[in-house]
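*Asks:* Chain order of the listed sequences is A and B. If you count the first sequence from 1, you need to add 38 to reach our numbering. If you count the second sequence from 1, you need to add 3 to reach our numbering. Don't be surprised by glycine CBs; every beta carbon is placed ideally from N, CA and C. Predicted model, so just to flag it, every value in this text is computed and none were measured.
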Amino acid sequence: MKVALNKKILDKNTECAIRNKAFFRDNKTLCLNVISSPGSGKTTIISKTVTDIGDKLKIGVVEGDIKTDIDAQKVRAAGAVAVQIETRGACHLTAEQVTGALSAIGAGDLDVVFIENVGNLVCPSAFDLGEQARVVVLSVPEGDDKPAKYPGTFAKADVLLINKIDLIDYIDFSLDRVIADVRSLKPKLEIFQVSATTGEGMQGWYDWLQARARDFAGQKS
Amino acid sequence: MHETMVAQSIIEAITAEAQKQQARPIAARISCGQLNPINEEVLNFAFEAIAKGTVCEGTKLTVVEITLKCTCKKCGRTHGFDIYSPACPGCGSTDFDINPDAPLLLEEIEFE
Ligand SMILES: Nc1nc2c(ncn2[C@@H]2O[C@H](COP(=O)(O)OP(=O)(O)O)[C@@H](O)[C@H]2O)c(=O)[nH]1
Ligand SMILES: [Mg+2]
Ligand SMILES: [Zn+2]
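The structure is reproduced here in structure tokens:
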């Protein structure tokens, strides 16, 4: 006997993500889910952002890693409130884990919450955490073929930070190719070319972030 | 390997349906979008491990990947999305909108 169901899978995660999203909307806290390969510069970008505009925006960070709280310590050192989630082997964060972390950082009183997802260009993209926008980081040394190889992650991005732009002269990396590929996946993607270590290009990202946080806080809930 | 969480979610859904039907499930069909692919082998491996000792033990999963489509902005024709050759087979234009990716679905369960 065959039974047709057509039931959505992972719906528990989605339900939980919807509750997180409502929490962020009600508290006017802008939540960004930051996704990249390990080592692209997520922690460095978040730390630098906190250092440079932490006086204008109250920023909190939910750090996801398979092991250790090294990253939470780093962003705390930059001045952010932070909580670490150790996924103990899991390759992505779930909406439920984020829910648990929000009270630990007093997320309701913040302007912006960054969720640094587990370094991985495949799995995190399938899990909505309730964020208002997704920020994908691609660093120059990873190569320009990544959007073509991991279209799912790039197609769901709202912002692309092309990081380590300070290394562009040393590495065979075609910016034109990356931009053409991601635009075909997502025409309205915001793209910033940055270096989190030299600070090059970071102002454009800060302007976007501040404008977005302001718009979001101004919305009626 | 988020297949483990997907497997967990499938087991819950199949178990609920098995209770309703009062029957033992032997196979199930999953479908997913191309932007959110699920590896059939890895999924079955995770599923077997979690299903041990439950009503789902022995149930085989098959995964069907639904092709991502896009719609040509010039001629309106719908065609498969291929980042390496994005031109419309109808008119040659590379200007298109990507259609929504298919969701992850438990399409059908076969009971004994
Ligand atoms: N040259 C260069 N190195 C960077 C840049 N951003 C980060 N890094 C380095 O890349 C390494 C990984 O950075 P991290 O922020 O830990 O990456 P994550 O794994 O994505 O969080 C560290 O050694 C950083 O100092 C950059 O813009 N330029
Ligand atoms: Mg990190
Ligand atoms: Zn056409």
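(1) Given this structure, state the Cα-to-Cα distance separating M240/A from V58/B, to the nearest angstrom.
(2) Does the beta carbon of G181/A sit closer than 7 Å to a beta carbon anywhere in chain B?
(3) For L176/A, which residues in the same chain have their Cβ closer than 6 Å to its Cβ, ignoring the five residues on either side in sequence?
(4) Look up V261/A in the DSSP assignment and say whether it is helix, strand or coil.
(5) Considering only heavy atoms of ligand 3 and the C-beta of each residue, which residues fall inside 6 Å, strictly closer?
(6) Would you identify the three-state DSSP class for E111/B, choosing helix, strand or coil?
(7) Within 10 angstroms of the Cβ of I33/B, are there 16 or more other Cβ atoms? Answer buried if so, exposed if not.
(8) Do the stretch 126 to 135 of chain A and the stretch 178 to 196 of chain A touch if we need at least three Cβ pairs shorter than 8 Å?
(9) 7 Å is my cut-off, CB to CB: does N47/B come that close to chain A?
(10) Quick one, which of L71/B, L38/B, T81/B and P28/B has its alpha-carbon nearest A195/A's?
(11) Let me have the residue list for ligand 2: C-beta closer than 5 Å to any non-hydrogen atom, ordered along the chain.
(12) Could you tell me the alpha carbon to alpha carbon distance between G102/A and D64/A, rounded to whole angstroms?
(13) With 7 Å as the C-beta to C-beta threshold (strictly closer), list the residues of the stretch 71 to 83 of chain A near chain B in chain order.
(14) Mind listing which residues of the stretch 241 to 253 of chain A have their C-beta closer than 8 Å to chain B's C-betas, in chain order?
(15) Let me know if R57/A comes out buried or exposed under the rule of 16 or more other beta-carbons within 10 Å of its beta-carbon.
(16) Could you name the residues of chain A that S12/B contacts, counting a contact when the two beta carbons are closer than 7 Å?
(17) Given R221/A, which residues of its chain have a CB within under 7 Å of its CB, disregarding the five upstream and five downstream residues?
(18) Identify whether G168/A lies in helix, strand or coil by the three-state DSSP scheme.
(19) Leaving out five residues on either side along the sequence, give the residues of the same chain with a beta carbon under 7 Å from the beta carbon of V81/A.
(20) Do we get a CB-CB distance below 7 Å when we pair N58/A with the residues of chain B?
(21) Classify V173/A as buried or exposed, calling it buried when 16 or more other Cβ atoms lie within 10 Å of its own Cβ.
(22) In the DSSP output, what is G83/B paired with across the bridge?
(23) Please report the straight-line C-alpha distance between R27/B and E115/B, rounded to a whole angstrom.
(24) Tell me the rounded alpha-carbon separation between G190/A and V160/A.
(25) Against chain A, with Cβ distances strictly below 7 Å, would N39/B count as a contact?
(26) Ligand 1 and G237/A: does any heavy atom of the ligand fall closer than 6 Å to the residue's C-beta?
(27) Under a three-way DSSP split, which group does F211/A fall into?
(28) Would A31/B and I112/B be called neighbours here (beta carbons separated by less than 7 Å)?
(29) Considering only the alpha carbon of each residue, which of G83/B, H5/B and I101/B lies closest to N42/B?
(30) Within 6 Å: the Cβ of S12/B and any heavy atom of ligand 1?
(31) Any heavy atom of ligand 5 inside 6 Å of the beta-carbon of G146/A?
(32) What is the DSSP secondary structure of K194/A, reduced to helix, strand or coil?
*Replies:* On the basis of the coordinates in this document:
(1) About 54 Å.
(2) no
(3) Leaving aside the five residues that flank L176/A on each side, the residues in its chain whose CB is nearer than 6 Å to its CB run, in chain order, K184 and I200.
(4) The structure shown does not extend to residue 261/A, since chain A is modelled only from 39 through 259, so no value can be given for it.
(5) C75/B, K77/B, C78/B, R80/B, C91/B, G93/B, C94/B and S96/B
(6) strand
(7) buried
(8) no
(9) no
(10) L38/B
(11) K80/A, T81/A and D109/A
(12) 24 Å
(13) none
(14) Residues: none.
(15) exposed
(16) I47, L48 and K50
(17) L227
(18) coil
(19) Note on residue identity: the sequence assigns Thr, not Val, to residue 81/A. Only D109, K112, V113 and E154 meet the Cβ criterion.
(20) No Cβ of chain B is located within less than 7 Å of the beta carbon of N58/A.
(21) buried
(22) K72/B
(23) 6 Å
(24) Our two residues, G190/A and V160/A, have alpha carbons roughly 7 Å apart in a direct line.
(25) yes
(26) For G237/A, the shortest separation between its Cβ and any heavy atom of ligand 1 does not lie below 6 Å.
(27) coil
(28) Yes; because the gap between Cβ atoms is below 7 Å, this pair is in contact.
(29) H5/B
(30) For ligand 1, not one heavy atom lies less than 6 Å from the Cβ of S12/B.
(31) This structure does not include ligand 5; its bound ligands are ligand 1, ligand 2 and ligand 3.
(32) Coil.
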